[in-house]
Amino acid sequence: MQRIAFIICGSLLLSNSAFGEENLTRFAHASSSDWQTKAFVGETLYNIVDKDNQTVLKATSHSSASGLIYEQKIDLQKTPYLNWQWLIENRLGPIDERSKSGDDYVARVYVVIDGGLALWKTKALTYVWSSNQSKGQVWDNAFAGDAVKMIAVRGKDAQTNTWYTEKRNVYRDLIAQFGDQGSEEANLKKYRYIDATVIMTDTDNAGGSATAYYSDMIFN
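With mature numbering (1 follows the signal peptide of the UniProt record, and there is no 0) applied, the sequence shown covers -20 to -1, 1 to 200.
Structural data, given as structure tokens:
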């Protein structure tokens, strides 16, 4: 995937969550229109489908890279956990995901802190389903460097055509990857809010194909 300029350019239209749970997608109600498409190379196809008795998002990529972006401020002090399920039909070939030529993922979910005009303050965590890394591995994005941390939530040993349930404490992940500020007050000042969530399946750099499924994205 090319450098994720769409995350750090322009101002975001934001709204605050006032509830103990925030469902960003509500695929069963076909309300994914709140998600904006950003294409880089070609376009990954995203469709709401029924699979295994639930309504989910299907992503199909053929040498393409585009993502779905949901721009909403999430208060991680109130709702720090991001919950979702995902399934992939295939892994990608023997690519080096740490390189620009291999920066492709069957499935990934971003959470973004927007730095506004101070671009150097923009940070992102990317929860990926890695085709070649082991579960738990962390590395810098090949294009954006240490501003975007890649976390292999699922790795090369995960099964295809199997649903996996994820629950990530985004607030704690931000502290772990971008640095403890020394106090809870300082950590909240820097990491309390995220500004956007992104879903992406992409195969543009290595020229492969991938199909993945995503359930609702829920913060609680």
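The beta carbon of each residue, even a glycine, is placed where N, CA and C say it ideally should be.
Give the straight-line distance between the Cα atoms of Asp84 and Asp30, rounded to the nearest whole angstrom. Translated into positions along the sequence shown, residue 84 becomes position 104. Translated into positions along the sequence shown, residue 30 becomes position 50. Each residue's alpha carbon lies about 26 angstroms from the other.
Under 9 angstroms, do Ala127 and Thr102 count as touching if we go by C-beta distance? The residue labelled residue 127 in the question sits at position 147 within the sequence shown. The residue labelled residue 102 in the question sits at position 122 within the sequence shown. Yes, these two residues count as a Cβ contact at 9 angstroms.
Per DSSP, which one or two residues make a beta bridge with Arg78? Sequence index remark: in the sequence shown, residue 78 carries index 98 (1-based). Arg78 is not bridged to any residue.
How would you label Ile(-13), buried or exposed, when you count the other beta carbons within 10 angstroms and need 16 or more for buried? Taking the first residue of the sequence shown as 1, we reach residue -13 at position 8. Any reading at Ile(-13) must be qualified, since the residue scores a pLDDT of 32, below 50, and its modelled position is unreliable; the value itself is stated next. Ile(-13) is buried by the Cβ-count criterion.
What residue does the alpha helix (DSSP H) around Gln52 start on, and which one ends it? Locating residue 52 in the sequence shown gives position 72, where the first residue counts as 1. Unbroken run through Gln52 is the beta strand (DSSP E), Ala45 to Asp55; no alpha helix (DSSP H).
Below 9 angstroms between beta carbons: does that hold for Gln57 and Arg172? The count along the sequence shown starts at 1 and reaches residue 57 at position 77. The count along the sequence shown starts at 1 and reaches residue 172 at position 192. The answer is yes: Cβ separation under 9 angstroms.
So what's Gly(-11) in DSSP terms, helix, strand or just coil? If you number the sequence shown from 1, residue -11 lands on position 10. Since pLDDT at Gly(-11) reaches only 32, below the 50 mark, its modelled position is unreliable, and the value read off the structure follows with that caveat. Secondary structure at Gly(-11): coil, using DSSP grouped into helix, strand and coil.
Extent of the continuous alpha helix (DSSP H) to which Lys170 belongs: Within the sequence shown, numbered from 1, the residue matching residue 170 stands at position 190. Glu164 to Tyr171 is the span of the alpha helix (DSSP H), which, as asked, contains Lys170.
Meets three-Cβ-pair contact criterion under 8 angstroms: the stretch 157 to 165 and the stretch 137 to 149: By the Cβ criterion, the stretch 157 to 165 is not in contact with the stretch 137 to 149, since fewer than three pairs of Cβ atoms, one from each stretch, lie closer than 8 angstroms.
Which of the three DSSP states is assigned to Asp14 in this structure? For the purposes of this step, residue 14 is taken as residue 34 along the sequence shown, with counting starting at 1. When DSSP states are grouped into helix, strand and coil, Asp14 belongs to the helix group.
For Thr140, count the other beta carbons within 10 Å of its own beta carbon; 16 or more makes it buried, fewer makes it exposed. Which is it? Here residue 140 corresponds to residue number 160 of the sequence shown, with the count starting at 1. Burial call: exposed.
4-residue-minimum alpha helix (DSSP H) runs that sit fully inside the stretch 94 to 162, ordered along the chain: DSSP runs (the alpha helix (DSSP H)) wholly in the stretch 94 to 162: 150 to 158.
With DSSP collapsed to three states, give me the class of Ala186. Looking up residue 186 in the sequence shown gives position 206. DSSP places Ala186 outside both helix and strand once states are collapsed to three, so it counts as coil.
Quick one: Cα of Leu72 to Cα of Gly82, how far? Translated into positions along the sequence shown, residue 72 becomes position 92. Translated into positions along the sequence shown, residue 82 becomes position 102. Roughly 10 angstroms between the two C-alpha positions.
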